[in-house]
Amino acid sequence: MGDAQYAIELKGISKAFGPVQANRDINIAVPKGTIHGIIGENGAGKSTLMSILYGFYKADAGQIFVDGKLTPIPDSQSAIRAGIGMVFQHFKLVQNFTVLENVILGAEDGPMLSTSLTRARKALADLAREYELDVDPDALIEDLSVGHQQRVEILKALYRQADILILDEPTGVLTPDEADHLFRILKGLKDQGKTVILITHKLREIMEATDNVSVMRRGTMVATVKTADSSPESLAELMVGRKVLLEVAKEPANPGAVVLSVKDLRIKDDHGVERLKGVSFDIRAGEILGIAGVAGNGQSELLAALGGMMKASGKITMQGVDLPLSGKGADGQSRRAAGIAHVPEDRHHHGLILDFSAWENVALGYHNDPAYQKNALFMDNDALIADTEKKMARFDVRPPIASLPAKSFSGGNQQKIVVAREMERNPTLLLIGQPTRGVDIGAIEFIHKQIVALRDAGTAVLLVSVELDEIMSLSDRIAVMFDGQIMGLRDPATTNERELGLLMAGMNGEAA
Amino acid sequence: MDRIPRWADLALVPLVSLGLAALISALVILAIGQDPMEALNVMVTGAVGSAYGWGYTLYYTTSFIFTGLAVTIAFHAGLFNIGGEGQAQLGGLGVALACLFLPWPHWSLALIGASVAAAVFGAAWAAIPAYLQAKRGSHIVITTIMFNYIAASLMVFMLVDVLRPEGQMDPATANFPEATHLPTLNQIPGFNLIFTKDVPANVTFLIALAAAWVVWAILWRTRLGYQIRAFGKPGAAAHYAGINGFRITMIAMLLSGGLAGMMAINNVMGEAERLLQNSASGAGFIGIAVALMGRNHPVGVVLAAVLFGFLFQGGAELGLWTKIPIELRTVVQGLVILFTGALDYMVRMMLARVFALFRAPAEAKGAA
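So the protein lines, in turn, are chains D and G.
Residues in the first sequence are numbered from 345 upward in steps of one, following my numbering.
Residues in the second sequence are numbered from -9 upward in steps of one, following my numbering.
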């Protein structure tokens, strides 16, 4: 390592995709041996900037200095050579390889694997000791928890002699405990003189973990400040460009009659593994029941079964009428007819057809609506487009162009299209999964307001989210799921993150 | 991430691909010691240089429109129907049975009856692979290919043992009665001003154009088409929306098989006027290339069908008037399919680079 002051310096970086200026004259200097946060709304250009730094995109203009030296980075090999390592939001690991095999993948020296493996095993042991990065080198990736998989990604970068580590939204899939552990690892890296760039949209993490923070908005770098001199409110304002309400303002709930009653709901997946192990609860009109839990503990299956997308056994009763859980009538059409709207967890896979235009997506699931038919034969596309434009205006979808394909909208606007489609039906019951995943702060505030407004109008809301903050601030009651079961129901007013975190990890003080 | 304008995507990419295919074809013709310019001249004059040539080109075009539409509608449901050949042969059986065994007072009624029979037989042949795909997950590509072979064997049996008139030497049905003969373009008022000589292109061409419109209307203007397209896109959004995958798979494949079957009214009823062995003569497979090149849009399918009609007719002319063997037609077709289908992406990327070169300076100005 040289003795320059900055590990990374970007000067005048610009990048355009067609008419979209993703980065505009970006200047940033990351001091050596610090943790540097980059925050910004979706589409602010954080990922583009990091992709330029990692050699995925070529900047239209600007210079990159690594360790004080002008370093062109035309591809990711050059980035690795320059000592830059990247941990992606979606891990790039071979599931049926061991940790060791994944670490040497692409960094094998020589034709025989054994030499690389021996070398890597020793290096891994050293790294584990140094940074609290202990992972069994012979475990298969598919057997590891998400937190451990992420450690493997970090190990991969360190094994390649990375001095600068970029992490893209690293805590999205972690429990609060795992996230804390990750930040301890990052602090350890920093203490050893490594530089960490942390991309996130969670202000709490920025405040907790970083030394400096740069804020991006609409492709430009609006400010770089010392974290100690800033506050969540001031950063949020910088990100959005206006004052933002971080807390959800809501009146106490006014619950009515039971709308949905779920009894002993069980689901087996294709391999015969039980994913839901007898879940029971009631939701009343005008209340929000939040389901907390680490991803993969049965919440997705619960939503899928209630939304008619997955066969299940047990009993669900909607306003006194039993709904079928398998066979005829257990499909999305019947559920919609029963007054259930469903904002699915995965808007790219389920909620939207990305190649379809916005107006075609507004018809998704409601293509049989008489308002969308011209006559017995043809659909009334004009009416559908007009309806879409109305919904886009009410939900402030940008750009408000109904004919634009869904894939051309930013994440937040895509989610607004889905939410608008489902909420504007005034459902009796709203199923909503990860309502703000990959959605920028401005849109989060808006979507949260809409959920509360719908609740106040008497809709029963089942909210599933892996964001504990979201569950805590929106729910009127919280159920925590672990391993296909509900570990307990809590009142958000009297519980805290610690208690919920323990429940999420499967530890129940009452019935261990 | 580099994109090219829509007009270039729709027009320039196929044209450049065609140019490349033509270039390689020219090299092949040079390699066998013939003159490529002369070959091109013969093909163009023979296929599109006269109304008479067009009369043949449009005859082939008609068949290709039907089989191209068949592939298109299945494609939008995410299904790759390779079985057009067999479905077209079965369509021919339907046409033959309708024409031979039902008394028709007039060709127009016979045309309606035979169309229905052709569509029903073609659809029935697609129904079994469709069911196997929808219920059992047997891959439609494999099953439809196998059904092509089964269809060929079935037709041999029907033509040799069942439908062949006693004493006839070749495996074919008897000639269809006079009342079922369709008017060719030179017999239709209006068209007869253009087509003065007897040509094989017949009234079915107009039905093919109508079918193209119907397919467009179904796909982009009806609930069924919406569900077909939603089902055919990657992801599970159709499942989320409660669209019944079994139903959509069946309907899309029945429509596809029906369209492939209807090709038989062009060649069996309109031209041969009896059912011969191997009646589809490869048009079912050409349909795949036509749909590919036509971007699975009915307008594109019609245009691509004209191109392949030209290649078919022009290729036949080559065999007649030059020393170039008629098999070269297959080579040229193969190259066209290779470049417009398989290497489409290569051409697109090349053009994207070219466009990026021109665009970069312009945008730098716009951004400032």
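For glycine and all other residues, C-beta sits at the position ideal for the given N, C-alpha and C.
Just so it is clear, the structure is predicted and the values come from calculations on it, not from any experiment.
Less than 7 Å between the beta carbons of D/Ile632 and D/Arg619, yes or no?
One-based indexing of the first sequence puts residue 632 of chain D at position 288. One-based indexing of the first sequence puts residue 619 of chain D at position 275. Taking 7 Å as the cut-off, the beta carbon of D/Ile632 is found no closer than this to the beta carbon of D/Arg619.
Closer than 8 Å at the beta carbon, the chain D residues around G/Gly232
Here residue 232 of chain G refers to the residue found at position 242 when the second sequence is read from its first residue. Listed along chain D, the residues sitting closer than 8 Å to G/Gly232 by beta-carbon distance are Gly652, Asp675, Gly676, Gln677, Ser678, Arg679, Arg680 and Gly709.
Minimum C-alpha distance to G/Ser246 - residue among G/Ala295, G/Leu297 and G/Ala281:
For the purposes of this step, residue 246 of chain G is taken as the residue at position 256 of the second sequence. G/Ser246 has its Cα closest to that of G/Ala281, out of G/Ala295, G/Leu297 and G/Ala281.
Is G/Gly43 near G/Asn138, with beta carbons less than 7 Å apart?
Your numbering for residue 43 of chain G matches position 53 in the second sequence. Your numbering for residue 138 of chain G matches position 148 in the second sequence. Going by C-beta atoms, G/Gly43 is not nearer than 7 Å to G/Asn138.
Chain-ordered neighbours of G/Gln359 on chain D, where CB pairs are closer than 7 Å
Lying outside -9 to 358, the shown extent of chain G, residue 359 of chain G is not represented and no answer is given.
Using the Cα positions of G/Leu325 and G/Ser53, report the straight-line distance between them to the nearest angstrom.
Taking the first residue of the second sequence as 1, we reach residue 325 of chain G at position 335. Taking the first residue of the second sequence as 1, we reach residue 53 of chain G at position 63. Going by C-alpha positions, G/Leu325 is about 21 Å away from G/Ser53.
Work out the CA separation of D/Gln759 and D/Ala639 for me, nearest whole Å.
The count along the first sequence starts at 1 and reaches residue 639 of chain D at position 295. The count along the first sequence starts at 1 and reaches residue 759 of chain D at position 415. Each residue's alpha carbon lies about 19 Å from the other.
For G/Met13, which option in G/Val321, G/Leu175 and G/Gly232 has the closest C-alpha, if you only look at C-alpha atoms?
As a first step, residue 13 of chain G must be located in the second sequence, where it is residue number 23. In the sequence under discussion, the amino acid at residue 13 of chain G is Leu, which differs from the Met named in the question. For the residues G/Val321, G/Leu175 and G/Gly232, the minimum Cα distance to G/Leu13 belongs to G/Val321.
Per DSSP, what kind of secondary structure is D/Met851 in: helix, strand or coil?
Within the first sequence, numbered from 1, the residue matching residue 851 of chain D stands at position 507. It is coil, neither helix nor strand.
Residue from D/Gly412, D/Ile543, D/Lys413 and D/Ile428 whose Cα sits closest to the Cα of D/Lys419
If you number the first sequence from 1, residue 419 of chain D lands on position 75. Correcting the residue type first, residue 419 of chain D is Asp in the shown sequence and not Lys. Of the candidates D/Gly412, D/Ile543, D/Lys413 and D/Ile428, the one whose C-alpha sits nearest the C-alpha of D/Asp419 is D/Ile428.
Within 6 Å: the Cβ of D/Ile508 and any heavy atom of the ligand SAH?
Ligands in the displayed structure: none, and consequently the ligand SAH is not present.
For D/Gln493 and D/Phe435, believed in contact at Cβ under 8 Å, the rounded distance:
For the purposes of this step, residue 435 of chain D is taken as the residue at position 91 of the first sequence. For the purposes of this step, residue 493 of chain D is taken as the residue at position 149 of the first sequence. Taking 8 Å as the upper bound for CB-CB distance, D/Phe435 and D/Gln493 are in contact here, some 5 Å apart.
Got a sec: is the Cβ-Cβ distance from D/Ala855 to anything in chain G below 7 Å?
Indexing the first sequence from 1 puts residue 855 of chain D at position 511. Since pLDDT at D/Ala855 reaches only 44, below the 50 mark, its modelled position is unreliable, and no value is offered.
Residues near D/Ala464 in its chain [Cβ-Cβ closer than 7 Å; skip 5 each side]
Numbered from its first residue, the first sequence carries residue 464 of chain D at position 120. Excluding positions up to five away in sequence, the list reads Leu444, Val447, Ile448 and Tyr503.
Could you give the DSSP three-state label for D/Met723: helix, strand or coil?
Position 379 of the first sequence, counting from 1, holds the residue named residue 723 of chain D. Strand at D/Met723.
Where the region 225 to 252 of chain G meets chain D: residues whose CB sits under 9 Å from a CB there
Only Gly225, Ala226, Ala227, Ala228, His229, Tyr230, Ala231, Gly232, Ile233 and Asn234 from the region 225 to 252 of chain G bring a Cβ to less than 9 Å from some Cβ of chain D.
Which residues in chain D sit within 7 Å of G/Ala220, going by Cβ to Cβ distance?
Position 230 of the second sequence, counting from 1, holds the residue named residue 220 of chain G. Ordered by position in chain D, the residues that pass the 7 Å Cβ test against G/Ala220 are Ile697 and Leu708.
Fully enclosed by the region 502 to 551 of chain D, which beta strand (DSSP E) runs are 3 residues long or longer?
Counting only runs of at least 3 residues, the region 502 to 551 of chain D fully encloses the following beta strand (DSSP E) elements, listed from N- to C-terminal order: 508 to 512 and 539 to 543.
Kindly indicate if chain G contains any beta-carbon less than 7 Å away from that of D/Met394.
For this step, residue 394 of chain D is matched to residue 50 along the first sequence. D/Met394 does not count as touching chain G.
From which residue to which residue does the alpha helix (DSSP H) around G/Gly248 run?
On the second sequence, position 258 is the one that residue 248 of chain G refers to. For G/Gly248, the enclosing alpha helix (DSSP H) has its first and last residue at Gly235 to Ala254.
Return yes when the Cβ of D/Val741 is within less than 7 Å of the Cβ of D/Asn757, no when it is not.
Working through the first sequence from its first residue, we reach residue 757 of chain D at position 413. Working through the first sequence from its first residue, we reach residue 741 of chain D at position 397. Yes, the Cβ-Cβ distance between D/Asn757 and D/Val741 is below 7 Å.
Counting only Cβ pairs nearer than 8 Å, list the residues of chain G close to D/His874.
Outside the displayed range of chain D (345 to 856) lies residue 874 of chain D, so it cannot be described from this structure.
Interface residues of chain G around D/Met723 at Cβ under 8 Å?
Here residue 723 of chain D corresponds to residue number 379 of the first sequence, with the count starting at 1. Those are Arg211, Thr212, Arg213 and Tyr216, listed as they occur along chain G.
For D/Pro688, go through chain G and note every residue whose CB falls closer than 7 Å to its CB, in chain order.
Here residue 688 of chain D corresponds to residue number 344 of the first sequence, with the count starting at 1. The contact set of D/Pro688 on chain G, defined by CB atoms closer than 7 Å, consists of Tyr230 in chain order.
Where does the unbroken beta strand (DSSP E) through D/Arg619 begin, and where does it stop?
On the first sequence, position 275 is the one that residue 619 of chain D refers to. Counting along the chain, the beta strand (DSSP E) containing D/Arg619 begins and ends at Glu618 to Arg628.
Per DSSP, which one or two residues make a beta bridge with G/Thr174?
For the purposes of this step, residue 174 of chain G is taken as residue 184 along the second sequence, with counting starting at 1. Beta-bridge pairing links G/Thr174 to G/Asn192.
Should G/Ala231 and D/Leu708 be called a contact, given that it needs their Cβ atoms to be closer than 7 Å?
The sequence position of residue 231 of chain G within the second sequence is 241, counting from 1. The sequence position of residue 708 of chain D within the first sequence is 364, counting from 1. Yes, the Cβ-Cβ distance between G/Ala231 and D/Leu708 is below 7 Å.
If you measure between the beta carbons of G/Ala109 and G/Met252, is that distance less than 7 Å?
What you label residue 109 of chain G is simply residue 119 of the second sequence in a count that begins at 1. What you label residue 252 of chain G is simply residue 262 of the second sequence in a count that begins at 1. G/Met252 sits close to G/Ala109, with the two beta carbons spaced by under 7 Å.
For the beta strand (DSSP E) that contains D/Ser605, what are its first and last residues?
On the first sequence, position 261 is the one that residue 605 of chain D refers to. First-last of the beta strand (DSSP E) with D/Ser605: Val602 to Lys612.
Pull up the distance between the alpha-carbon of G/Val189 and that of G/Gly248, whole angstroms please.
Walking along the second sequence from the start, residue 189 of chain G turns up at place 199. Walking along the second sequence from the start, residue 248 of chain G turns up at place 258. Whole-angstrom Cα-Cα distance: 26 Å.
Buried or exposed for D/Glu789, please, with buried defined as at least 16 other CB atoms from any protein chain shown within 10 angstroms of its CB.
Indexing the first sequence from 1 puts residue 789 of chain D at position 445. Answer is buried; the Cβ neighbour count reaches 16.
Count the other CB atoms, across all protein chains shown, that sit within 10 Å of the CB of G/Gln217; report buried if there are 16 or more and exposed otherwise.
Residue 217 of chain G sits at position 227 when you count from the first residue of the second sequence. Counting C-beta atoms within 10 angstroms of its own C-beta, G/Gln217 has 16 or more neighbours from the protein chains shown and is therefore classed as buried.
Selected residue, minimal CA-CA separation from D/Gly676, among G/His229, G/Val146 and G/His66:
Taking the first residue of the first sequence as position 1, residue 676 of chain D is located at position 332. Of the candidates G/His229, G/Val146 and G/His66, the one whose C-alpha sits nearest the C-alpha of D/Gly676 is G/His229.
With C-beta atoms as the reference, is D/Leu579 less than 7 Å away from D/Leu542?
As a first step, residue 579 of chain D is located in the first sequence; it is residue number 235 there, counting from the start. As a first step, residue 542 of chain D is located in the first sequence; it is residue number 198 there, counting from the start. Contact check for D/Leu579 against D/Leu542 fails: the beta carbons are separated by 7 Å or more.
Apart from the five residues just before and just after G/Leu293, which ones in its own chain have a Cβ nearer than 8 Å to its Cβ?
In the second sequence, residue 293 of chain G corresponds to position 303, counting from 1. Only Gly284 meet the Cβ criterion.
Opening and closing residue of the alpha helix (DSSP H) in which D/Leu818 lies
Locating residue 818 of chain D in the first sequence gives position 474, where the first residue counts as 1. That run of the alpha helix (DSSP H) goes Leu812 to Leu818.
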